[in-house]
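Novice:
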Amino acid sequence: MLEQSLKKLGFSEHEASIYSVLLANSPAGASFIASKCNLSRSSVYTVLNSLISKGLVSVTYKNEVKQFIAEGYSALEQRLKKEKNEVDGKFRLLENLKENIQMLTKDDLNIPQVMFFEGQEGLKRIYTGMMRQAPQDSIMHIMRDEFVWQNEWSFVFSQEWHDRIKKIKAEKNIQTKLLVNGSKTEKEKVGYYKSRKNLEFKYLRPKNSVKQFAFYLVGDTVSIMSMENNNLIGIKIVNQHLTENFMQIFQILWGKEK
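According to the working numbering, the sequence shown is numbered sequentially starting from 2.
(1) Excluding the 5 residues flanking residue 146 on each side, which residues of the same chain have their C-beta closer than 8 Å to its C-beta?
(2) Throw me the rounded Cβ distance for the residue 137 and residue 174 pair, which I believe falls under 8 Å.
(3) Quick one: what does DSSP say residue 22 is sitting in, helix, strand or coil?
(4) DSSP three-state call for residue 30: helix, strand or coil?
(5) Going by DSSP in three states, residue 137 sits in which element: helix, strand or coil?
(6) How many whole angstroms separate the CB atoms of residue 31 and residue 56, which I take to be in contact at a CB cut-off of 8 Å?
(7) Under 6 Å Cβ to Cβ from residue 35, same chain only, skipping five residues before and after it: list those, please.
(8) Between which two residues does the beta strand (DSSP E) carrying residue 235 extend?
(9) Can you tell me which residues form a DSSP beta bridge with residue 177?
(10) Taking only runs that begin and end inside the segment 44-118, name each unbroken beta strand (DSSP E) of 3 or more residues, in chain order.
(11) What did DSSP end up calling residue 36 once you bin it into helix, strand or coil?
(12) Could you name the residues of the same chain whose beta carbon sits closer than 8 Å to that of residue 20, not counting the 5 residues immediately before and after it, in chain order?
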């Protein structure tokens, strides 16, 4: 119990073991400590030197033999105060660096963040991530083919998935605009689309239809997907400039469709 607590205070495993032995048996020699901790004398001396440097162990002599004494509660308290002061100093230094760091990482550098993904699990992570990171009161713009109606993607309509997405949308007040192919499959789903809350949808004209393709757009993030041979691969890009251009494409198509 004591050793575990000491480790939580930052002691290494061997430091905690040796310090515990010394608390109960000070003063003690290296051989005694090695026997109690099942360590070699060389390992014990290495750890003791570390504890001495931290002010947690002191040295005395008995019959010209070096003995080690564990300093008690006050030494531990002083050590923690010293560590706290060091951490506080680092925070002050970080605060002084804040302006320089922000200048080096400012948003107007327009360096895209790019992530590749694949498969159902990849799409789940990307989609939920986009929803969670979306600005409040935003609109998710989606253009896709009929891939979600295939058996492999039935999880989209499961209660668990529906509840998860519904919760995020409600928290962020996210609306959805959806462009889908004007195919027989999609037109058979018109009742489903009309029943969905906070969803506007339109059908793409045949000449504008997409195949084995989808993109999702919200905030400053766009995800583009290909589903060749039902093997989804995609790329997520976080970049305001790219997103604005994809938005222009979506709005042009949205304005042309019924």
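We put the CB at the ideal spot given by N, CA and C, even for glycine.
Specialist: Here's the rundown:
(1) Cβ within range, chain order: 181, 182, 210, 211, 212, 213, 214, 215, 228.
(2) Between residue 137 and residue 174, the beta carbon gap of about 6 Å places them in contact (Cβ cut-off 8 Å).
(3) Here residue 22 sits in helix by DSSP.
(4) It is coil, neither helix nor strand.
(5) Assigned with DSSP and collapsed to three states, residue 137 falls in coil, not helix or strand.
(6) Between residue 56 and residue 31 the Cβ distance is about 19 Å, and since that is not below 8 Å, they are no contact.
(7) These residues qualify, in order along the chain: 42, 45.
(8) Element bounds for residue 235: 234-239.
(9) DSSP lists 141, 200 as partners of residue 177.
(10) Restricted to the segment 44-118, the beta strand (DSSP E) segments that are unbroken, complete and at least 3 residues in length are 58-63, 66-71, listed in chain order.
(11) If DSSP states are grouped into helix, strand and coil, residue 36 belongs with the helices.
(12) Closer than 8 Å at the Cβ level, and outside the excluded window around residue 20, lie 7, 12, 52, 57, 58, 71.
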